[in-house]
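Taking it in order: structure first as structure tokens, then the write-up.
Numbering (the numbering used here), first residue to last: 14 to 319.
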């Protein structure tokens, strides 16, 4: 394996030990005080991260340029960094959660009946979620309820950080799976009536198709669509956000019906578009809690993996 440049090694080592310090500190303060502190860290990151800030403002302008003034977009970008800090703080603090009653002290679950209705069909449930708010708390919630979800995600750039993430996601019975691996295992899990959780709201180097996102074509992973169409599982969208009273609000929405036209390519595009519309809808409701620094429109037509 090629050795990383010294600068990157220092960067990842510093980030790793900073995260370990935050994990250690997370439960030393009352929760609201801790989240306010993490919000301040987010504000500090805004002032010291010119490139991510510039990307965020560019992407917010793509999405809301016709609806918000430049001043409103700048304020929204600052608020987004603050909320990223608060939500990350809640995830770090939740490492000490041991049972559902502990989680329910600060997280409310809405729409559990939508999961139960989908699960009753017996074909498995695909939780379709996004990088909204403290999104990993959804896995903790599902696992503590005995759902044992398989969660598909992209590996982090640093092995130590990735190990922390996998350990967190595997707690309480969830199973972390790297994107693009163990597809047969996922299919079997659904066929046996199990559940998986997957995020499709980022532009990653996997098989993709272009669909509309905030009025602009965006290269979007199709793995979830292929798995859903082949297995016939129920696709249940979920999201989470931190409200003004410092409560995490997780919503489980009604199943998104799968569309079969008889044309495989059209089925991929139509269903991926329907899944992506859910993401856009919830991002419009809580734009300050999505990852706008991610280069969602990076891939250009013809560059996608098919």
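All C-beta atoms, glycine included, are put in the ideal place defined by N, C-alpha and C.
Simplified DSSP assignment, three categories, for residue i
i	result
residue 227	coil
residue 119	coil
residue 303	strand
residue 220	strand
residue 288	helix
residue 264	strand
residue 63	helix
residue 213	coil
residue 53	helix
residue 94	helix
residue 282	helix
residue 238	helix
residue 233	strand
residue 14	Its pLDDT being 46, under 50, residue 14 is placed unreliably by the model, and the measurement read from it follows with that caveat. It is coil, neither helix nor strand.
residue 312	coil
residue 23	helix
residue 41	coil
residue 126	helix
residue 111	coil
residue 76	helix
residue 134	coil
residue 243	helix
residue 82	coil
residue 106	helix
Proximity to residue i [Cα-Cα], best of the options
i	options	result
residue 143	307, 280 and 62	307
residue 221	86, 210, 285 and 255	285
residue 240	113, 28, 138 and 264	138
residue 131	206, 91 and 107	206
residue 227	154, 90, 292 and 245	292
residue 264	277, 146, 65 and 223	146
residue 148	304, 297 and 134	304
residue 108	71, 35 and 164	35
residue 121	252, 27 and 229	252
residue 58	244, 98, 164 and 190	98
residue 76	299, 38 and 277	299
residue 126	278, 268, 296 and 277	268
residue 176	22, 294 and 32	32
residue 244	198, 309, 318 and 21	198
residue 39	318, 110 and 295	110
residue 309	61, 23, 69 and 276	69
residue 87	21, 42 and 66	66
residue 278	238, 289 and 261	238
Sub-8 Å separation of residue i and residue j beta-carbons
i	j	result
residue 214	residue 311	no
residue 211	residue 187	no
residue 150	residue 250	no
residue 96	residue 316	no
residue 160	residue 90	no
residue 203	residue 246	yes
residue 49	residue 94	no
residue 173	residue 273	no
residue 255	residue 103	yes
residue 314	residue 223	yes
residue 45	residue 259	yes
residue 230	residue 219	no
residue 124	residue 266	yes
residue 157	residue 113	yes
residue 51	residue 101	yes
residue 154	residue 190	no
residue 248	residue 271	yes
Beta bridge counterpart(s) of residue i as assigned by DSSP
i	result
residue 248	139 and 269
residue 163	188 and 209
residue 255	261
residue 318	220
residue 69	Answer by DSSP bridge pairing: none, since residue 69 is not bridged.
residue 145	303
Chain B contact for residue i (CB, 8 Å cutoff)
i	result
residue 129	The chain labelled as chain B is not found in the depicted structure, where only one protein chain is given.
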